[in-house]
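Below is one structure, written out as C-alpha cells; comments come after it.
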Amino acid sequence: MKTHKKYLARCIELAKNGLGTTYPNPMVGSVIVYKDQIIGEGWHQKAGEPHAEVNAVNSVKDKSLLQKATIYVSLEPCSHFGKTPPCCDLIIRNKIPNVVIGTVDPNEKVAGNGIKKLLEAGINVTVGVLENECNALNKRFFTFHQQKRPYIILKWAESQDGFIAPMKRKEQKPVWITNPYSRQLVHKWRSEEQAILVGTQTAIDDNPKLDVRDWSGNNPVRIVLDKDNRIPTDRFLLDNQIKTIVFCQADTNTNRENLIFEVIDFKQNTARKIVKVLFQHQIQSVIIEGGRQTLQTFIDENLWDEARIFKGKTIFKNGTKAPYLQTNTNQKQFILEDELIIFTNHD
Ligand code: AOF
Ligand code: ZN
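Each residue of the sequence shown is one higher than the one before, counting from 1 in UniProt numbering.
Given below as C-alpha cells:
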C-alpha cells in the first residue's frame, strides 16, 4: 500500500502540469512501474489530445515489459469514445496485468464502466489509493459533474479597515490595495480557472480586462453581469477580443463571435440562475472578482467553494465595505506584507 501511495503521489504531481489547460477535461497523471522502477510516465495536457495513460504507455521504451507491469493512474481509465479512444482498450491491448486507480471518474460516460471493463478482461484492479487527494486534485471537474455547476472561487482584496474600494474615485481605474506580488498571484489564479466573473459596477468603474497579462497561460472566459444594459460599449469587457458571456435582463444585443448574451431574470436566486447557464456552457470553474454586490449575492445563496481574501496595509477610512462572510475555518499566509486568508465552504 505504501508503494502504491508513492506512485499515486507521482501521478498527482504529473497531473498538476495540466492545471488550467485541460478544460473541460480533468487533470490526470499516470506512471508505469516494473520491478519497483518507473518505466513510463505521462499526463493529460489538453482536451482533444491523448489521455495520461496513452502518454505513459508511449513513453515506455521496452514495450514487452508492459505485460509484467503495473499502471498507476490518478483517475479511472476511460471506457468511452470521446475526442479520443478508450484508455481501457489501450491497457487491455497492451496486456498490462495490474491497474491501480486513485478515484472513480464522476463523468456519467465513465463512472465505474472503466473499472468494470478492466475487471472483465481479467486485470487486477485496485481502486481508492490517495482517493481524497485525487478528488481534491480535480475539485473543479468533480463539482461540475456531481453538483451540475462550476467550482466557485470568490476573490477580493480589502483594506486594513475592511473596505474594498475608497469613497471617491477620480478616474476609471481600479484602486490597488495589494502589492505587485499579490497582483501577479491573482493573474496566476486567473490562468488556473476556466472563467472569471464580475458585476456591472465593477465593469463600469474599473474597466477591467480580466486577462492574465502578468502570467503565462490561458485567458479565462469572461463573464459579466449587465442587468440593465448599463455597461458602455467602449469597455474592454465588450471588446469581442476574448470569449465573454454577458448576463442581461432584456435581449437588446446580438451575439458576436466572442460575445454571447444570456438573458435571465435577476429578481430572485440570481446566482443559481447564473451557474445553471454556466453549466450549460460547460464552464467547470469560475473566479468571482467583485464587486461587493455580486460577491454578496453568491455568498447569500451559499454558492461558493473557496474565498481568497487579501488584506492589504492600506487604510481607506470610508468607502465600499467588504462582503460579509460568516465562517470559522481559515488558512492564513503572507504575500510580502499582504495577508492572504483562504476559506473553504465544505459542508
Ligand atoms: C482518462 N485519462 O487522462 C483523462 C480522462 O473527450 P475525451 O476523449 O478527451 O474524454 C474526456 C473524458 O475522459 C473526461 O470527461 C473524463 O471523463 C475522462 N478523462 N480519462 O482515462 C485521462 N483526461
Ligand atoms: Zn482515457
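Even glycine gets a Cβ: it sits at the ideal position worked out from N, Cα and C. All figures in this text were calculated on a predicted structure; none of them were measured in a lab.
Coarse secondary structure for phenylalanine 144, derived from DSSP in three states: Note: phenylalanine 144 maps to helix in three-state DSSP.
Test item, CB below 7 angstroms from any non-hydrogen atom of the ligand ZN: So the residues near the ligand ZN by this Cβ test are His51, Glu53, Pro77, Cys78, Thr84, Pro86 and Cys87.
Closest Cα partner of glutamine 201 within the set Asn17, Thr254, Lys109 and Pro232: Looking from the CA of glutamine 201, the closest CA among Asn17, Thr254, Lys109 and Pro232 belongs to Pro232.
Span separating the alpha-carbon of isoleucine 315 from that of serine 159: Cα to Cα, isoleucine 315 sits roughly 6 angstroms from serine 159.
beta-carbon lysine 46 near the ligand AOF non-hydrogen atom, thresh 7 angstroms: Not under cutoff, so the answer is no.
The region 335 to 347 touching the region 304 to 314, judged by at least three CB pairs closer than 8 angstroms: Yes, since at least three Cβ pairs between the region 335 to 347 and the region 304 to 314 fall closer than 8 angstroms, the two stretches touch.
Test item: CB-CB of aspartate 214 and arginine 183 under 8 angstroms: In contact: aspartate 214 and arginine 183 (Cβ atoms closer than 8 angstroms).
Proximity to tyrosine 151 [Cα-Cα], best of Asn113, Gln194, Lys109 and Leu325: Answer by Cα proximity: Gln194.
Through-space distance from valine 221 to alanine 165, alpha-carbon basis: Approximately 25 angstroms, taken between the alpha carbons.
When Ser216, Gly162 and Gln282 are compared against valine 186, the one with the closest alpha-carbon: Valine 186 has its Cα closest to that of Ser216, out of Ser216, Gly162 and Gln282.
Delimiting residues of the beta strand (DSSP E) encompassing valine 73: 70 to 75 is the span of the beta strand (DSSP E), which, as asked, contains valine 73.
Distance CB(proline 77)-CB(glycine 114) smaller than 8 angstroms: Their beta carbons are under 8 angstroms apart, which means proline 77 touches glycine 114 by this criterion.
DSSP-derived helix/strand/coil call for arginine 213: It is coil, neither helix nor strand.
Nearest-angstrom Cβ-Cβ length linking valine 28 and leucine 75, presumed shorter than 8 angstroms: Indeed they touch by this definition, with Cβ atoms about 5 angstroms apart.
Neighbourhood of aspartate 206 by C-beta, 6 angstroms cutoff - its chain only, sequence neighbours within 5 removed: Close CB contacts of aspartate 206 within its chain, under the 6 angstroms cut and outside five residues either way in sequence, are with Pro174 (chain order).
Given arginine 308 as reference, the closest of Gln147, Ile335, Glu301 and Ile283 once Cα atoms are compared: Ranking the options by Cα distance to arginine 308, first place goes to Ile335.
CB of alanine 322 within 8 angstroms of CB of phenylalanine 163, strictly: It is a contact, given that the beta carbons lie within the stated cut-off.
C-beta atoms of proline 41 and valine 54 nearer than 8 angstroms: Here residue 41 is glutamate; the residue named in the question, proline, does not match the sequence. In this structure, valine 54 does not lie closer than 8 angstroms to glutamate 41 by Cβ.
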